[in-house]
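A.B. asks:
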Amino acid sequence: MNPPGSLGVLEEKEEEHLATPILGPSIHSDNPQERIQARRLRIAARLEARRREALGEYLDGKKESEEDQSKSYKQKEESRLKLAKLLLCGTELVTNIQVATDTREIHRRVEEEEIKRQRLEKLENEVKTSQDKFDEITVKWEEGKQRRIPQELWEMLNAQQGHCAGLIEDKNKLISELQQELKIKDDQYVKDLKKQSDDICLLLERMEEQVKNVMKTFRQELQNIEKAFEVERQELLTSNKKKWERALQAHNAKELEYLMNRIKKVEDYEKQLNKQRVWDCEEYNTIKIKLEQDVQILEQQLQQMKATYQLNQEKLEYNFQVLKKRDEESTVIKSQQKRKINRLHDVLNNLRSKYNKQVKQFQEENQSLTSDYKRLVLQFKELQKAMRHFALIDDKQFREIWLMNEEEAKDLINRALDVDRIIHTHHLGLPWMAPNFWFLKNVGPISQQQQKSATQILEEVLMEAEEDGAEEDSSASESYLDLPKQVSARTTRKILMLLCDESGFLIESKLLSLLLPLEKSECYLLRLDAIFSALGIENEDDLYKLVNFFLKYQAHHLPPSQEPLDLRAEKEGSLVDGKSQEKEPPPSPKLIHPNDVLKILEAFVMGLRKPRDSWVPVKLLKVVRDDSKDSEYWKALTTVIPATTENLWDALYTALEKYHLVLTQRAELLIENCSLERQNTELQQLLQQYLNTKINSELQVPPTQVFRVPTK
Amino acid sequence: MQETRTTESPSVLSRSSTSTQDRSSAVGQTSSTGPQPSKPTPIIPPLVKSTGPGSGSGVRRMRRIIAEDAEWSLAIVPLLTELCIQHIVKNFQNNPILKQLLPEHQKKVLNHLSPDLPLAVTANLIDDESYWRRCCTQRWPVCHVDNHGGSWKRMFFELHLENLLKHFIPNTTDPAVILSLLPLCRNYVRALRVDQFLPPMQLPAPPRGGDQSDSGSEGEMEEPAMDHYQLDDLVAGLSHLEELDLVYGVKDCGMNFEWNLFLFTYRDCHSLAATVKACHTLKIFRLTRSKVDDDKARILIRSLLDHPALEELDLSHNLIGDRGARAAAKLLSHSRLRVLNLANNQVRAPGAHSLAHALGHNSNLISLNLRLNCIEDEGGQALAHALHTNKCLTTLHLGGNELSEPTATLLSQVLTINTTLTSINLSCNHIGLDGGKQLLEGMSDNKTLLEFDLRLSDIAKESEYLIGQALCANREAARQRALNPSHFMSPVTAKGPENPVG
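Chains as they are written, first to last, in full-length UniProt numbering: chain C, 1 to 712; chain Y, 1 to 502.
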């Protein structure tokens, strides 16, 4: 380096020492790159300083705005930035060495590679040339073998020797060159080692310096910060002191003012007090005189009072005596009462215990009774079950017995009738008419017809109506035979439809959702079922009651403008026959306004409730059979043969008996006759015998002469 | 009556005096003989006077008088516990009693124990840090306990073990020396940093030592004999080992230098690979300055594939080339590596390509160091492309890699996109003026980069300065974010008086 440059460097260095003491040593470094680095840093610092100057105003403005922030905060921030920068610079400075060695290493590597390549090239060239030379020599050896003349051979050998020597010399030269290079490398290695140790020394130095610097600046910054805090504190203290003093002065002035006011007030009050005193004295005197007078009067009164006191004392003593006595009495009474209370308490306790006992007893009883009741209920249920069972069996038995008896009776009747018929035809020769009685056709026990439930009816009605829709008038009219047919199916249906549409609120919402997918008629049916169950309509009668109620309601509430005749005609028609009604246009949908349906329903339900109250036991009675007709039936059975016939039979009987008697007599006579005939024959035989015997001949008079007659 | 009293009281007195004498003698007090003759003399007169009241009061008074004696105090008599503790301390080597004692007594014993006690006694018995601190400070003048997790006991065992390993000479030293230590230190050693492994002694070597040209071939011939200490037994025994920092080389060889001394043989490599593979707790593995070439690096890395815990791999200052780099790239995708250091190796463009490929799909690696390699622009561009997709890397060191302008343009694009990178080092490259401008452009859009080293990379001062400003702003913003993470305040722009640029 030239001296002026170094001088400049020194100057600059000193400048830098002033500005940033850390950057100093880098320029002194042995490493040229290091120095370059240092200079660069310096230039950068200068540039930065210039920039800062340019930015200065702006920053100043900013700083002013931050003036209200505390000084200490600013100092802290400043120090922080400064220290961060310091650390950054320091580490950079230290790592600069590493970076520099890295670059050096890279350069070295690149150079090394280059040198290596050259060396290899050189060696290869050398190998080639030496190979050529060697080949030449070997070729010459061949030539030498052909030489015969020793002189030539010697020359040639000499030449060969020279060539070989040259070759070896070349090789030796190469070796020496390489060795030279090796030596140079060794030297360089030593140099590198030295340099590295220098670098390390520098590194250490810098690190130490850095540590020192950092410590120093940290301390300085700490001091600065402390100072800043101190100054701030001082400022705060002074300002506070000033404030305090000002406040104190103000306070003093005010105090003085108050004092003056007070003094004035005190004087005023003194004056007032004096005035008051004089006035008080006067008043006191007057009052004193007045009071003395009062005292005299009061003394007199006192004397009087004393006298009355004496009197009162005596009275009181007497009263006291009386009261004492009374007290004694009252104590006696009290003790009596107490005793009474005790006794009553005892009684009460006794009663309580009794009550408790009774409560317990009753509870027990209650329990036992409830258990009994339960048992009985169970028994009752069982009994009911048994009863039902027995009823069933009884029914069956009853039916069987009935059937048996009936059969028997019928047999008997048939026999009787047969007999009657025989008597009439055979004996009396009269034409016989078979009697025609209702009971003869009856088979099984007589029973009342079951009532249909409302829903069944409904179903029927609806089905009917549907069929009706299909085949208009033919079937619908005749279908409603078994009902108390006041109303036509169509009207009923209309009413029911109306009811169904209007009183959807009676149906449960769940059911509605379930009904959606169903068919229309089914839907109606189920809806009406639900509505009826809600209304309490259970059987056929109720249903017809409802329908009638509707119609009646209509009749009552028909506005006068409409024709009442219409309804009447309809009613009559309904009573008379379905057909006539069918022909008439159905008036109901016109007549019943949908808004009225609810009213009608309400009225109907109110009306229905009354009869329903007494309805509950009916259910049980339903089971009991009506046996009133039984006896009648059986009695009727007995009268299958009327009394006239019986009389006839009686007469016939007596006649026949007589006839019988005659016949028996005749039979006896016949028998007698027979026996007489037989006797006769026998006697004839005997006679014959006797006649034929010799004795007769021997006799003087033969008997034959006597009895000629019978034989001849 | 009076006589009996008088006779009684002296006997009591004598008894008490003897007792005090006993005590004082037991203490071994020097001044015991001096005051004792004087004691009876002041005591007797009040006794004679006090014949009136009962003997009990006399005894009481006598006691009080003894207590008032200035020379006699209970404090100098050591407690029995003290004596016991002293005894325990004295015989600790033969009869270590510690756990049965009360805590305060334990503390006392530990404070008096000598640091020279055999490790077999103390290792598993004493957990007290202060004792181990004494041991450490006694053995080593400089102790950085922070390097050992802040535990003095761990530090003691780690340093002790390292010391033994450093001076272990194969075939000469008994391996049992180290293995016998194993049961004592297995629970405490977490890191093993050995910066020298001695080769086996060569008795026939010195006569041949002079010949420089033969040394290489000689070393190859005797390679099996040059193996260093095999770590496998030791490492398998250390159940908490997390860090392994090895240098196969010799320190302070001085003028006895031979290439033989720095030989990391294949057998060493294989055994080390097996050792590392078997150690499932290992987190940090460093093998530096050990002449690891491609083949050895491949052997080592193959054993590290799918290692369950490894987080940092440092193979700096070796001879790893492109194939080794490719193996390292494979390791990146087969492990949870967070730090990879391949500084000062011989990785070139192909190696950088494979590393970049692995980096593009990696989500673990935080730091990558390729200082002093020669990846050149081709490799640099590949890495920059990889950084377009990578969202994890925070530190990238590409110093001294012969990079130039093309890489810089790509990196500037990366800078605008990437929000994870906090530190990039491009020093000692030939970025050039235009490259510097492009980097500056990229920097203007970046808000996360905190460090950007561009020293000695031929960049214009202007752009370097401006980049430095941008970094300052980023640092300030990061500081603000760290201070109040909830809301990002605009950083205080008041720059300090000085603003030097790197």
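For each residue, glycine too, the CB sits at the ideal point set by N, CA and C.
Distance, Cα to Cα, E311 (chain Y) vs L304 (chain Y)?
C.D. replies: 11 Å
A.B. asks: Alpha carbon to alpha carbon, how far is F550 (chain C) from L526 (chain C)?
C.D. replies: 21 Å
A.B. asks: For G400 (chain Y), go through chain C and note every residue whose CB falls closer than 8 Å to its CB, in chain order.
C.D. replies: D102, T103, E105 and I106
A.B. asks: Output, in chain order, the set of chain Y residues within a Cβ distance shorter than 9 Å of L47 (chain C).
C.D. replies: The contacting residues are K461, E462, Y465 and V501.
A.B. asks: Tell me the rounded alpha-carbon separation between K224 (chain C) and M207 (chain C).
C.D. replies: The sequence shown places Asn at residue 224 (chain C), not Lys. Distance between the alpha carbons of N224 (chain C) and M207 (chain C) is about 25 Å.
A.B. asks: Which residues in chain C sit within 7 Å of C428 (chain Y), going by Cβ to Cβ distance?
C.D. replies: V99, D102, T103 and I106
A.B. asks: Determine the extent of the beta strand (DSSP E) in which D453 (chain Y) is found, giving its start and end residues.
C.D. replies: E451 to D453
A.B. asks: List, in order along the chain, the chain C residues whose C-beta lies closer than 9 Å to that of L372 (chain Y)?
C.D. replies: D102, E105, I106 and R109
A.B. asks: Check whether the stretch 376–388 of chain C and the stretch 408–416 of chain C touch, using three or more Cβ-Cβ pairs below 8 Å as the test.
C.D. replies: no
A.B. asks: Quick one: residues in its chain with C-beta nearer than 7 Å to the C-beta of L80 (chain Y), no 5 flanking neighbours on either side, listed in chain order?
C.D. replies: none
A.B. asks: Compare the C-alpha of Y632 (chain C) against each of C:D199, C:F398, C:Q188 and C:W438 and name the closest.
C.D. replies: Residue 632 (chain C) is actually Glu in this sequence, not Tyr. When the alpha-carbon of E632 (chain C) is set against those of C:D199, C:F398, C:Q188 and C:W438, the nearest one is in C:W438.
A.B. asks: Please compile the residues from chain Y whose C-beta is within a distance smaller than 9 Å of the C-beta of N172 (chain C).
C.D. replies: In chain order: nothing, as chain Y lies at least about 17 Å away.
A.B. asks: Quick check on DSSP: helix, strand or coil for L313 (chain Y)?
C.D. replies: strand
A.B. asks: Measure the CB-CB distance between T288 (chain Y) and S271 (chain Y) and report whether it falls below 8 Å.
C.D. replies: no
A.B. asks: Alpha carbon to alpha carbon, what distance is there between Q363 (chain C) and D372 (chain C)?
C.D. replies: 13 Å
A.B. asks: Can you tell me the Cα-Cα spacing of N484 (chain Y) and N364 (chain Y), whole angstroms?
C.D. replies: 28 Å
A.B. asks: Considering just the uninterrupted stretch of the alpha helix (DSSP H) at D245 (chain Y), what are its terminal residues?
C.D. replies: D245 (chain Y) -> not in any alpha helix (DSSP H); beta strand (DSSP E) instead, spanning E243 to L246.
A.B. asks: Can you give me the C-alpha to C-alpha distance between E124 (chain C) and E111 (chain C), rounded to a whole angstrom?
C.D. replies: 20 Å
A.B. asks: Count the C-beta pairs between the stretch 177–189 of chain Y and the stretch 223–238 of chain Y that are closer than 8 Å, then say yes if the count reaches three, no if not.
C.D. replies: yes
A.B. asks: I43 (chain C) CB to nearest chain Y CB: under 8 Å?
C.D. replies: Cβ-Cβ to chain Y under 8 Å: yes for I43 (chain C).
A.B. asks: Which residues in the same chain as P115 (chain Y) place their Cβ atom closer than 6 Å to its Cβ, once the five residues preceding and following it in sequence are excluded?
C.D. replies: By the criterion of a C-beta distance shorter than 6 Å, P115 (chain Y) is surrounded in its chain by R134, C135 and Q138, once the five residues flanking it on both sides are discounted.
A.B. asks: Could you pull the DSSP bridge partners for L319 (chain Y) from this structure?
C.D. replies: Looking at the DSSP assignment, L319 (chain Y) forms a beta bridge with Y:D293.
A.B. asks: Please state the DSSP three-state secondary structure of F532 (chain C).
C.D. replies: F532 (chain C) falls in the helix class under three-state DSSP.
A.B. asks: So which residues on chain C does L393 (chain Y) lean against when the C-beta distance must stay under 7 Å?
C.D. replies: Result: empty, since nearest Cβ-Cβ is about 21 Å, beyond 7 Å.
A.B. asks: Would N96 (chain C) pass as an interface residue toward chain Y - the criterion being a Cβ-Cβ separation below 8 Å?
C.D. replies: N96 (chain C) counts as touching chain Y.
A.B. asks: Would you check if there are 3 or more beta carbon pairs closer than 8 Å linking the stretch 71–85 of chain C to the stretch 185–196 of chain C?
C.D. replies: Counting Cβ pairs under 8 Å, fewer than three are found: no touch.
A.B. asks: Leaving out five residues on either side along the sequence, give the residues of the same chain with a beta carbon under 8 Å from the beta carbon of G166 (chain C).
C.D. replies: K133
A.B. asks: Does DSSP put A191 (chain Y) in a helix, in a strand, or in coil?
C.D. replies: strand
A.B. asks: At least one CB of chain Y closer than 8 Å to the CB of R35 (chain C): is that the case?
C.D. replies: So no, R35 (chain C) is outside the interface.
A.B. asks: Drop a sphere of 10 angstroms on the beta-carbon of P199 (chain Y), count the other beta-carbons inside from all chains shown, and report buried for 16 or more, exposed for fewer.
C.D. replies: Around the beta-carbon of P199 (chain Y), 16 or more other beta-carbon atoms lie within 10 Å, marking it buried.
A.B. asks: Which runs of the alpha helix (DSSP H) fall wholly inside the stretch 622–678 of chain C and span at least 4 residues, in chain order?
C.D. replies: Runs of the alpha helix (DSSP H) spanning 4 or more residues and lying entirely within the stretch 622–678 of chain C occur at 628–638, in chain order.
A.B. asks: L426 (chain Y) by DSSP, collapsed to three states: which one?
C.D. replies: DSSP places L426 (chain Y) in coil when its eight states are reduced to three.
A.B. asks: Got a sec, what are the start and stop residues for the alpha helix (DSSP H) S367 (chain Y) sits in?
C.D. replies: Not the alpha helix (DSSP H): S367 (chain Y) falls in the beta strand (DSSP E), residues S367 to N369.
A.B. asks: By the criterion of Cβ-Cβ separation under 9 Å, what are the contact partners of R117 (chain C) in chain Y?
C.D. replies: Under the 9 Å cutoff, chain Y gives no residues; its nearest Cβ is about 15 Å from R117 (chain C).
A.B. asks: Alpha carbon to alpha carbon, how far is T138 (chain C) from N429 (chain Y)? Give it in angstroms, no decimals.
C.D. replies: 54 Å
A.B. asks: Out of curiosity, what's the CA-to-CA distance linking L637 (chain C) and W432 (chain C)?
C.D. replies: C-alpha separation (whole angstroms): 20 Å.
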